[in-house]
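A.B. asks: First the structure, which I've put down as structure tokens, then a few questions once you've had a look.
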Amino acid sequence: LPEYTESRSNNSIDNAERITIPVIINGAIEKPGDVDTFKFDCVAGSEIVAEVYGRRIDSPIDSLLRIMDRNGKVLVWNDDSDDKASGLITHQADSYIYFKVPEDGTYLVQISDAQGYGGDEYAYRLRISYPLPDFTLIATPSALNIPAGCSIPFDIHIIRRDGFNGTIELYLKDMPEGFSLSGGYVPQGKNIIHLTLTAPIQTFDSPVALNIEGKAEINGKTIVHPVIPAENMIQAFGPTHLVPSESFLAMVLKPGFRNIPMSILNNLPLKISGGTAEVQVKVSPRMAFEEVMLELKQPPDGISLEDVAIKNNLLTFRIKADNTKIKDGFTDNLIVEVFTNSPVGPKDEKGNRTKQKISRGFLPAIPVIY
Ligand SMILES: [Ca+2]
Ligand SMILES: [Ca+2]
């Protein structure tokens with residue numbers, strides 16, 4: 004975008020500097036109480052984004068942004084907007100406004116410091132443009148330990164920008180053979196997706212670098228972004244916080260006796276028709292005589308599992324959708340952990356062993372549609 008530097012004689016509505024959008028304005032709240040005002044012409048129905056980069060470029064500014072009509076009446080304002088991709092910044096102080104222009108005319112944009120501070124270091128970059136829809140993809144956690152041949156769940160957070168609401172396809176890029184991703188389709192509007200990575204049956208001497216990309220069609224163009232690894236940190240106040248990691252790694256471990264490679268036999272995504280769908284899973288005969296229990300992780304409200312049965316190498320169960328909660332068009336991934344009630348420890352005097360609920364691992368993510 005074209006860049007522009009403020010004149011510093013723009014501190015009232017009457018002295019508003021005329022700009023042409025799209026533009027990035029480089030300016031500063033150079034003294035306490037400074038207010039920078041810009042004006043531009045726009046037609047009814049256009050959508051305009053005004054976004055401040057201040058804290059995110061290490062400026063002390065706590066921006067406050069207002070859009071006003073030509074008479075100075077405030078139409079919309081914003082102080083702080085949360086950007087989940089901005090790492091360690093604890094006070095997200097940058098402003099963001101998505102504005103639909105109500106009628107043809109001149110509009111004013113005004114930026115100031117919300118706390119009334121100022122100085123030459125209170126610099127900002129203010130983007131005023133038509134929406135530039137885009138997305139950022141962040142994976143948590145940034146290190147996955149996977150028994151060879153097994154699957155492990157992780158999350159991808161989707162940070163949607165400037166109104167981008169579309170679907171995204173996630174896939175492995177240039178990974179060693181045998182790795183696979185399940186549940187790599189991000190439905191419209193979704194901001195987090197649970198999926199699984201399946202490891203090959205051989206082990207590796209050192210951690211394997213994970214490389215995942217996401218692509219989407221935006222305004223007729225294919226946009227591709229790599230997935231950025233992060234850790235979910237819990238702040239003392241407020242929500243969790245995504246802190247970028249330097250590496251994104253899978254450690255493929257020698258499987259223990261309890262780790263059972265399991266694969267879904269159904270065609271995916273699985274259509275839940277009539278409120279229910281049967282899932283068939285190929286498992287090891289080692290599980291054939293055990294009592295199997297399933298747990299749905301972070302279950303979508305209204306989805307449950309029932310009729311769990313195991314016979315020879317086949318584990319079957321039904322996904323049930325409550326039609327008062329699950330609506331047509333529902334699309335998500337189901338993450339299922341498999342447990343057995345297994346004998347542990349030595350036999351007692353009667354020859355019985357105590358039983359304990361033991362995790363046997365995760366199924367590959369099951370994408371479902373309703
Ligand atoms: Ca200024
Ligand atoms: Ca602010």
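So for the sequence shown, my numbering puts the first residue at 4; every next one is plus one. All residues carry an ideal CB built from backbone N, CA and C; glycine is no exception.
Out of Ile22, Pro210, Glu234 and Gly223, which one is the CA nearest neighbour of Ser89?
C.D. replies: Glu234
A.B. asks: Alpha carbon to alpha carbon, what distance is there between Ala117 and Pro303?
C.D. replies: 39 Å
A.B. asks: Quick one: what's got a C-beta closer than 8 Å to Ser362's C-beta in the same chain, skipping five residues either side?
C.D. replies: Excluding positions up to five away in sequence, the list reads Arg261, Glu340, Val341 and Phe342.
A.B. asks: With ligand 1 as the reference, list in chain order each residue whose Cβ lies under 6 Å from any of its heavy atoms.
C.D. replies: Glu9, Arg11, Gly30, Ala31, Ile32, Glu33, Asp37 and Asp39
A.B. asks: With a 10 Å radius around its C-beta and 16 neighbouring C-beta atoms as the bar for buried, classify Asp387 as buried or exposed.
C.D. replies: With the chain covering only 4 through 373, there is no way to say anything about residue 387.
A.B. asks: I'd like the ranges of any alpha helix (DSSP H) spanning at least 4 consecutive residues and lying wholly in the stretch 283-322.
C.D. replies: Entirely contained in the stretch 283-322, not one alpha helix (DSSP H) run reaches 4 residues.
A.B. asks: Taking the beta strand (DSSP E) that Ser276 falls in, what are its first and last residues?
C.D. replies: Counting along the chain, Ser276 falls outside any beta strand (DSSP E), and DSSP gives it neither H nor E.
A.B. asks: Please list the terminal residues of the continuous beta strand (DSSP E) segment that includes Ala96.
C.D. replies: Here Ala96 belongs to no beta strand (DSSP E), and DSSP marks it neither H nor E.
A.B. asks: Can you tell me the Cα-Cα spacing of Asn81 and Ser287, whole angstroms?
C.D. replies: C-alpha separation (whole angstroms): 57 Å.
A.B. asks: Rounding to the nearest angstrom, what Cα-Cα distance links Val311 and Leu78 in this structure?
C.D. replies: If I take the Cα positions, the gap works out to 57 Å.
A.B. asks: Would you say the beta carbon of Ser62 comes nearer than 7 Å to a heavy atom of ligand 2?
C.D. replies: Result no, Cβ not under 7 Å from ligand 2.
A.B. asks: May I ask you to list the residues that DSSP assigns as paired with Arg163?
C.D. replies: Phe138
A.B. asks: Just to confirm before moving on: does the CB-CB distance between Gln95 and Asp107 stay below 8 Å?
C.D. replies: no
A.B. asks: With distances taken from each beta carbon to the nearest heavy atom of ligand 2, which residues come in below 7 Å, in chain order?
C.D. replies: Those satisfying the condition are, in chain order, Asp65, Ser66, Leu67, Asp82, Asp83, Ala96, Asp97, Ser98 and Ala117.
A.B. asks: Quickly, what does DSSP pair Met254 with across the bridge? List them, please.
C.D. replies: Asn148
A.B. asks: Alpha carbon to alpha carbon, how far is Pro150 from Leu297? Give it in angstroms, no decimals.
C.D. replies: 19 Å
A.B. asks: On the three-state DSSP scale, how would you describe Ile226?
C.D. replies: Of the three classes helix, strand and coil, the one that applies to Ile226 here is strand, per DSSP.
A.B. asks: Please report the distance separating the alpha-carbon of Ile322 from that of Ala291.
C.D. replies: 21 Å
A.B. asks: Which word fits Pro35, buried or exposed, when buried means at least 16 other C-beta atoms lie within 10 angstroms of its C-beta?
C.D. replies: exposed
A.B. asks: Quick one, are the C-beta atoms of Leu140 and Gly217 less than 8 Å apart?
C.D. replies: In this structure, Gly217 lies closer than 8 Å to Leu140 by Cβ.
A.B. asks: With distances taken Cα to Cα, identify the nearest neighbour of Ser209 among Val255, Thr199 and Ser183.
C.D. replies: For Ser209, the closest of Val255, Thr199 and Ser183 by C-alpha to C-alpha distance is Val255.
A.B. asks: Pick helix, strand or coil for Ile60, following the three-state DSSP scheme.
C.D. replies: helix
A.B. asks: Closest to Ile195 by C-alpha separation, out of Asp39, Asp137, Asn326 and Arg163, would be which residue?
C.D. replies: Taking each of Asp39, Asp137, Asn326 and Arg163 in turn and checking the Cα distance to Ile195, the smallest one comes out for Arg163.
A.B. asks: Between Ile338 and Tyr373, is the Cβ-Cβ spacing less than 8 Å?
C.D. replies: no
A.B. asks: State the DSSP-derived secondary structure class of Lys76, mapped to helix, strand or coil.
C.D. replies: coil
A.B. asks: Pro258 and Cys153: beta carbons closer than 8 Å?
C.D. replies: A contact, by the Cβ cut-off of 8 Å.
A.B. asks: Tell me, which residues are paired with Glu216 by DSSP?
C.D. replies: For Glu216, which the question treats as bridged, DSSP gives the partners Tyr174 and Pro229.
A.B. asks: The beta strand (DSSP E) spanning Ile372 covers which residue range?
C.D. replies: Where Ile372 is concerned, the enclosing beta strand (DSSP E) stretches over Ile369 to Ile372.
A.B. asks: Apart from the five residues just before and just after Glu294, which ones in its own chain have a Cβ nearer than 6 Å to its Cβ?
C.D. replies: Asn344
A.B. asks: Rounded to whole angstroms, what is the Cα-Cα separation between Gly354 and Asn326?
C.D. replies: 48 Å
A.B. asks: Indicate the three-state DSSP secondary structure (helix, strand or coil) for Asp39 in the structure shown.
C.D. replies: Assigned with DSSP and collapsed to three states, Asp39 falls in strand.
A.B. asks: State yes or no: is the C-beta of Ala202 within less than 8 Å of the C-beta of Leu252?
C.D. replies: no
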